[in-house]
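Numbering (our numbering), first residue to last: 5 to 166.
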């Protein structure tokens with residue numbers, strides 16, 4: 005079972021279709037964005053109420069509320085680099101050339117316990133990290149549920165069933 009994808013699916017079902025213009029669920033984070041501070045308070049209150057009714061608890065120490073910008077921090081340890089790779093791997097099938105982009109990160113995240121090495125984050129890893137950030141923020145990944153109030157075409161590729 006994949007924890008981040010399970011969380012994302014549960015949140016999508018819980019929050020419903022009407023809120024995607026101000027809420028984004030990304031891996032294990034819930035991002036709430038608004039045009040004004042008053043609107044943000046309203047959105048935040050609504051989402052927190054929905055979570056509370058569903059018996060979800062929010063850890064205040066892990067929350068950033070009413071911030072103007074979110075920084076994706078560069079991994080500073082082997083553990084953080086492995087965590088980033090684990091999270092980004094969820095998007096593997098949606099990102100063209102994923103393996104090529106991730107290769108520099110794999111060079112410094114050797115997961116074999118008896119071959120662990122000193123962690124070094126260099127320009128090649130930073131370039132890979134920045135490329136993933138760029139892709140996730142501007143590349144159309146089409147990872148949303150369809151809007152069932154509008155027509156859409158579902159194309160499948162399956163073998164013939166007998």
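Where is the CB? At the ideal position from N, CA and C, for every residue including glycine.
{"Query": "Assigned exposure category for residue 139 - 16 Cβ within 10 Å defines buried", "Result": "buried"}
{"Query": "Check whether residue 27 and residue 37 have beta carbons under 9 Å apart", "Result": "yes"}
{"Query": "Cβ pair count under 8 Å reaching 3, the stretch 101–113 against the stretch 123–130", "Result": "yes"}
{"Query": "Boundaries of the alpha helix (DSSP H) in which residue 36 is found, first to last residue", "Result": "Segment 33–36 is the beta strand (DSSP E) holding residue 36; no alpha helix (DSSP H) there."}
{"Query": "Three or more C-beta pairs below 8 Å linking the stretch 51–60 and the stretch 15–25", "Result": "yes"}
{"Query": "Supposed contact pair residue 123 and residue 160 - C-beta distance, whole angstroms, cut 8 Å", "Result": "About 43 Å; that fails the 8 Å criterion."}
{"Query": "Supposed close pair residue 48, residue 69 - CB separation, criterion 8 Å", "Result": "7 Å"}
{"Query": "Option nearest residue 86 by Cα separation, candidates 65, 101 and 108", "Result": "108"}
{"Query": "The alpha helix (DSSP H) enclosing residue 39, as first and last residue numbers", "Result": "Premise fails: residue 39 is in no alpha helix (DSSP H) and is neither H nor E."}
{"Query": "Burial state of residue 92 (16 or more Cβ within 10 Å)", "Result": "buried"}
{"Query": "Every unbroken alpha helix (DSSP H) within the stretch 90–115, with a cutoff of 4 residues, ordered by chain", "Result": "102–111"}
{"Query": "Integer-rounded CB distance, given that residue 11 should sit under 8 Å from residue 32", "Result": "5 Å"}
{"Query": "CB-CB length for residue 136 against residue 105, believed under 8 Å", "Result": "6 Å"}
{"Query": "Status (buried if at least 16 other CB within 10 Å, exposed otherwise) for residue 79", "Result": "buried"}
{"Query": "Whole-angstrom distance between residue 72 and residue 24, CA atom to CA atom", "Result": "19 Å"}
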